[in-house]
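In this note's numbering, the protein residues as written are 15 to 103. All C-beta atoms in this analysis are idealised placements derived from N, C-alpha and C, irrespective of residue type, glycine included. Have a look at the structure below before the remarks.
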């Protein structure tokens with residue numbers, strides 16, 4: 015994993031969404047999980063791939079953070095390229 019962060023909880027949930035930039039099942043991408051603590055403890059996390067190389071940039075991703083006010087908004091910071099913002103449904 016290269017970076018991870020938290021974002022607003024999914025509708026009617028009381029735990030944050032987790033975003034990562036890294037590998038899930040040996041597949042690179044930007045991933046999102048909105049699972050409960052019980053699912054995390056049971057190792058039953060449902061990762062959803064929301065991107066691969068944002069805006070086609072192969073720059074190293076240094077930070078991923080979800081918006082704590084709007085579910086599905088995510089911010090990605092790169093080593094040298096800057097920051098991008100995405101809205102995922």
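Which residues in the same chain have their Cβ closer than 6 Å to the Cβ of residue i, if we skip the five residues on either side of it in sequence?
i, result
"residue 74", "93"
"residue 16", "35, 36 and 75"
"residue 45", "34, 38, 61 and 63"
Residue i by DSSP, collapsed to three states: which one?
i, result
"residue 55", "helix"
"residue 76", "strand"
"residue 26", "coil"
"residue 85", "coil"
"residue 16", "coil"
Buried or exposed for residue i, going by 16 or more other Cβ atoms inside 10 Å?
i, result
"residue 62", "exposed"
"residue 96", "exposed"
"residue 48", "buried"
Skipping 5 residues on each side, what residues in its chain have a beta carbon closer than 7 Å to that of residue i?
i, result
"residue 84", "22"
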